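**Q** Pasting a structure here, questions to come.
Residue numbers (the UniProt record's numbering), protein chains in the order written: chain A, 1 to 103; chain B, 1 to 652.
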């Protein structure tokens, strides 16, 4: 297996980020939006790892760990919001119905 | 003897004061009696003075200084009277002719309600005239000069209810006022250069040559203008015909016999001063000659009896000015005297005629009067003959002859050599004499002969007839005291003036010419107007030149255009307060501008704030559109912002 180049990782990471972003923008289901957010975070984390490997710096892996924690916390908060909405009697996963803050 | 001089002035003055203060309280007869007796006493005084003067040694002029008027280091003036031959002659003329006229006026004016005012003004006039002729100080003379002016004004406007009379009075006053101002200028020039206005001081300074020639010329010019205005010569001639608006005795006394001769008296009195300025002398002579012809031509076409006499007065005064300008002031004074006699006679007779014809003044409505009033006809004929200068039998002949024959040989140093100015002036004066005879004969033939047109009423009272008889006598025989050498060597007048007069140069043919011209004038007038079927009854009024002559050659219209209208315009401007309008206009403009600015500001602010509100509203709506509460839109905005930041980072 040939060694993966930094360029390829950069492309992959961009690709993943774009997929995640597209998911956030076009999906209305809150669960899918959370998953798309996770993809975006992981794309960023992948980039950190690749950059750390490229410049031989451990900071990249430190950042990866932090993003991992961040993603876990984010997912937890998002799922908690969904559960809270269910508990308040609003059993919908459609993100666009939650527009009470409309100006 | 010298106390008679102030008495002479004081008597008429006291009478005037008495008459003014008792106006309306005493009867008309008393008023006339007081005035006439005051003038009569003055006449008596002057006759006594004349007798004393003629018998005493000629080198002792009578002088009296009443009081010192003002005295500074540079200038002093006295109220002082002096009697010398000229002033003696003048007081004789003024008081005797004045007395006769007052005598006449007693009956003439007795029906008038304002008789006290009339006689007060008349006596005041006589006293002012006496001050004028007697004072030996020119500033004192100026008092009399102004006094006769104001009396003339008061008497022309005697019938003040008629606006035309007051207009005539104002006109006379203004015209003579111009001359008075000029005369005052002349006096001030003399005063600054000699330090005194005493006549003998001025003449002594003149003899010593201490006055600069330019100063002398200026002073003489100004004094000449003063004299011209007072004596109604060109260009001031327009006031005298209008002055006939006053009562006829006034016309006789003031506007024929005495006041208008003040200018001649002034120049004769200062003849040494004028003789030193050849330019002014020549100007005087030329103006005099022009006035003779102009006034005689105008008199020829007048139809108003009194106006004919007024224009003839101007013309005769022109003779005097011509004589003064030629340097023969003795002849001027002689003519002044005879003119006073016959012109007073003519005016008084005309007044009597007009009164008996129910105030008809148009000569073409008279006619054939010799049948109804033979006495008046005789008196008028005597005056007319003297005015025309009928040879040998009238006084006018001798005085006019003296002027005419002296002009021929006169010498004008400033005239160009090729121009025989003296001969030209002589020719003009001769033409004037012819015209004089022509117009007065026309008047006589139309008024006294031919068919009768207006019925006369009443008869002339004796009190009016006596002065006429006296004046007729003087008009006919007052001139024999001075004769040309060719007739008889009688020179009482010039000997009386104690200045020898060169009669010897007069050729016989000059006297013959001077004597035949009036006869020619009378004959031609007889042919034109006197025969049973006259050649012309009335001078045709259609032709322009006749119309112009009738109106006095348009001088009135010219002055009206040149002086009166601009003045009236100024008055109009002042009356309508054009400056006020200007300020008001500026105020209005300021107010309009500020109103405009206020409106503009209000409108622009309203517009601006309205637009701002609209803009904010729109912006608010736009921003509200962003705030749609949808999470995905917010995420999209974030992405868009990031992309924009990236693009701007990359591009720059």
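Glycine included, C-beta positions come from ideal geometry on N, C-alpha and C. It should be emphasised that the depicted structure is a prediction, and the values quoted were computed from it without experimental measurement.
Kindly indicate the opening and closing residues of the beta strand (DSSP E) around residue 261 of chain B.
**A** Locating residue 261 of chain B in the second chain gives position 261, counting from the first residue. Here residue 261 of chain B belongs to no beta strand (DSSP E), and DSSP marks it neither H nor E.
**Q** How about residue 465 of chain B and residue 383 of chain B: are their beta carbons less than 8 Å apart?
**A** Counting from 1 along the second chain, the entry for residue 465 of chain B is found at position 465. Counting from 1 along the second chain, the entry for residue 383 of chain B is found at position 383. Cβ atoms of residue 465 of chain B and residue 383 of chain B: not closer than 8 Å.
**Q** Given a threshold of 16 other Cβ atoms within 10 Å of its Cβ, counted over all protein chains shown, does residue 653 of chain B qualify as buried or as exposed?
**A** This structure cannot settle anything about residue 653 of chain B, because the visible part of chain B is limited to 1 through 652.
**Q** Taking the alpha-carbon of residue 137 of chain B as reference, which of B:199, B:84, B:164 has the nearest alpha-carbon?
**A** Within the second chain, residue 137 of chain B is the residue found at index 137, counting from 1. Nearest option by C-alpha distance: B:199.
**Q** Check distances from the C-beta atoms of the region 72–97 of chain A to those of chain B and list, in chain order, the residues that come in under 7 Å.
**A** Per Cβ criterion, the list reads 95, 96.
**Q** In terms of residues, what are the limits of the beta strand (DSSP E) holding residue 102 of chain B?
**A** Here residue 102 of chain B is taken as the residue at index 102 of the second chain, counted from 1. Looking at the DSSP string, residue 102 of chain B is not in any beta strand (DSSP E); the run it does join, the alpha helix (DSSP H), is 85–108.
**Q** In the DSSP assignment, find the unbroken alpha helix (DSSP H) run with residue 29 of chain B in it and report its ends.
**A** Residue 29 of chain B sits at position 29 when you count from the first residue of the second chain. Per DSSP, residue 29 of chain B belongs to the alpha helix (DSSP H) from 28–55.
**Q** What are the residues in the region 16–29 of chain A lying within 9 Å of chain B by C-beta distance?
**A** Going along the region 16–29 of chain A in chain order, one finds 21, 24, 25, 26, 27, 28 with a Cβ nearer than 9 Å to chain B.
**Q** Give the single residue among B:296, B:567, B:160, B:626 whose Cα lies nearest to the Cα of residue 550 of chain B.
**A** The residue you call residue 550 of chain B lines up with position 550 of the second chain. The residue with the shortest Cα to Cα distance from residue 550 of chain B is B:296.
**Q** Considering only residues of the same chain and omitting the five flanking positions on each side of residue 493 of chain B, which have a CB-CB separation below 6 Å?
**A** For the purposes of this step, residue 493 of chain B is taken as residue 493 along the second chain, with counting starting at 1. These residues qualify, in order along the chain: 334, 481, 482.
**Q** State the CB to CB distance for the pair residue 83 of chain B and residue 62 of chain B, rounded to an integer number of angstroms; the pair is presumed to be in contact (CB under 8 Å).
**A** By one-based count along the second chain, residue 83 of chain B stands at place 83. By one-based count along the second chain, residue 62 of chain B stands at place 62. That belief holds up - the Cβ atoms of residue 83 of chain B and residue 62 of chain B are roughly 4 Å apart, short of 8 Å.
**Q** Kindly indicate if chain B contains any beta-carbon less than 8 Å away from that of residue 7 of chain A.
**A** Sequence index remark: in the first chain, residue 7 of chain A carries index 7 (1-based). Answer no: the Cβ-Cβ gap between residue 7 of chain A and chain B never drops below 8 Å.
**Q** For residue 641 of chain B, would you say it is in contact with chain A, using Cβ-to-Cβ distances shorter than 8 Å as the test?
**A** Within the second chain, numbered from 1, the residue matching residue 641 of chain B stands at position 641. Chain A contact via Cβ: absent.
**Q** Between residue 158 of chain B and residue 246 of chain B, what straight-line distance do the alpha-carbon atoms span, to the nearest angstrom?
**A** Residue numbering aside, residue 158 of chain B sits at position 158 when the second chain is read from its first letter. Residue numbering aside, residue 246 of chain B sits at position 246 when the second chain is read from its first letter. Rounded to whole angstroms, residue 158 of chain B to residue 246 of chain B spans 6 Å at the Cα level.
**Q** How is the beta strand (DSSP E) around residue 166 of chain B delimited, first residue to last?
**A** Walking along the second chain from the start, residue 166 of chain B turns up at place 166. Unbroken run through residue 166 of chain B is the alpha helix (DSSP H), 163–194; no beta strand (DSSP E).
**Q** Starting from residue 135 of chain B, follow its DSSP beta bridges and name the residues at the other end.
**A** Your numbering for residue 135 of chain B matches position 135 in the second chain. BP columns for residue 135 of chain B point to B:81.
**Q** For residue 511 of chain B versus residue 401 of chain B, is the C-beta spacing smaller than 8 Å?
**A** The residue given as residue 511 of chain B occupies position 511 in the second chain. The residue given as residue 401 of chain B occupies position 401 in the second chain. Result yes, Cβ atoms of residue 511 of chain B and residue 401 of chain B sit closer than 8 Å.
**Q** Report yes if the CB atom of residue 472 of chain B is closer than 8 Å to the CB atom of residue 379 of chain B, and no otherwise.
**A** For the purposes of this step, residue 472 of chain B is taken as the residue at position 472 of the second chain. For the purposes of this step, residue 379 of chain B is taken as the residue at position 379 of the second chain. For residue 472 of chain B and residue 379 of chain B, yes; Cβs fall inside 8 Å.
**Q** Within 10 angstroms of its Cβ, does residue 405 of chain B collect 16 or more other Cβ (buried), or is it exposed?
**A** Position 405 of the second chain, counting from 1, holds the residue named residue 405 of chain B. The residue is buried, with at least 16 neighbouring Cβ atoms inside 10 Å.
**Q** Are the region 252–263 of chain B and the region 336–354 of chain B touching, with three or more C-beta to C-beta distances below 8 Å?
**A** Because the criterion of three Cβ pairs below 8 Å is met, the region 252–263 of chain B and the region 336–354 of chain B touch.
**Q** Run through chain A and tell me which residues come within less than 7 Å of residue 673 of chain B, C-beta to C-beta.
**A** Any answer about residue 673 of chain B is impossible in this case: the structure gives chain B only from 1 up to 652.
**Q** Pick from B:54, B:94, B:115, B:48: whose alpha carbon is nearest that of residue 34 of chain B?
**A** Here the question's residue 34 of chain B lines up with position 34 in the second chain. The candidate whose alpha carbon is nearest that of residue 34 of chain B is B:115.
**Q** Over the uninterrupted alpha helix (DSSP H) stretch that includes residue 68 of chain B, give me the two end residues.
**A** As a first step, residue 68 of chain B must be located in the second chain, where it is residue number 68. Run containing residue 68 of chain B: none in the alpha helix (DSSP H); it sits in the beta strand (DSSP E), 62–71.
**Q** Taking one C-beta from the region 82–94 of chain A and one from the region 24–33 of chain A each time, how about it: are there three or more such pairs within less than 8 Å?
**A** They touch, by the three-pair rule.
**Q** Between residue 389 of chain B and residue 453 of chain B, which are expected to be in contact by the criterion C-beta below 8 Å, what is the C-beta distance as a whole number of angstroms?
**A** Residue numbering aside, residue 389 of chain B sits at position 389 when the second chain is read from its first letter. Residue numbering aside, residue 453 of chain B sits at position 453 when the second chain is read from its first letter. The pair is not a contact, with the Cβ atoms about 29 Å apart (cut-off 8 Å).
**Q** Whole beta strand (DSSP E) runs in the region 356–424 of chain B with 3 or more residues, listed along the chain?
**A** Taking only runs of at least 3 residues, no beta strand (DSSP E) segment lies wholly in the region 356–424 of chain B.
**Q** Based on Cα-Cα distance, which residue from B:178, B:112, B:192 lies nearest to residue 75 of chain B?
**A** Stepping through the second chain from its first residue, residue 75 of chain B is reached at position 75. For residue 75 of chain B, the nearest C-alpha among the options comes from B:192.
**Q** Are there three or more Cβ pairs, one per stretch, closer than 8 Å when the region 280–297 of chain B is compared with the region 315–328 of chain B?
**A** They touch, by the three-pair rule.
**Q** Pick helix, strand or coil for residue 565 of chain B, following the three-state DSSP scheme.
**A** Residue numbering aside, residue 565 of chain B sits at position 565 when the second chain is read from its first letter. Correct three-state label for residue 565 of chain B: helix.
**Q** In chain A, which residues lie with their C-beta within 7 Å of the C-beta of residue 635 of chain B?
**A** Here residue 635 of chain B corresponds to residue number 635 of the second chain, with the count starting at 1. Ordered by position in chain A, the residues that pass the 7 Å Cβ test against residue 635 of chain B are 24, 25.
**Q** Name the residue from B:118, B:457, B:134, B:55 whose alpha carbon lies nearest to the alpha carbon of residue 88 of chain B.
**A** Walking along the second chain from the start, residue 88 of chain B turns up at place 88. It is B:134.
**Q** Determine the extent of the alpha helix (DSSP H) in which residue 6 of chain A is found, giving its start and end residues.
**A** For the purposes of this step, residue 6 of chain A is identified with residue 6 of the first chain, where counting begins at 1. Residues 6–26.
**Q** Give me the Cβ distance between residue 395 of chain B and residue 479 of chain B, rounded to the nearest whole Å; I'm assuming they're in contact under 8 Å.
**A** By 1-based counting over the second chain, the position of residue 395 of chain B is 395. By 1-based counting over the second chain, the position of residue 479 of chain B is 479. So it is a contact: roughly 3 Å between Cβ atoms.
**Q** My output table needs one value for residue 29 of chain A: the three-state DSSP class, helix, strand or coil.
**A** Taking the first residue of the first chain as position 1, residue 29 of chain A is located at position 29. The answer is strand: DSSP assigns residue 29 of chain A an E or B state.
**Q** Am I right that residue 373 of chain B and residue 460 of chain B are in contact with their C-beta atoms under 8 Å? What's the rounded C-beta distance?
**A** For this step, residue 373 of chain B is matched to residue 373 along the second chain. For this step, residue 460 of chain B is matched to residue 460 along the second chain. Indeed they touch by this definition, with Cβ atoms about 7 Å apart.
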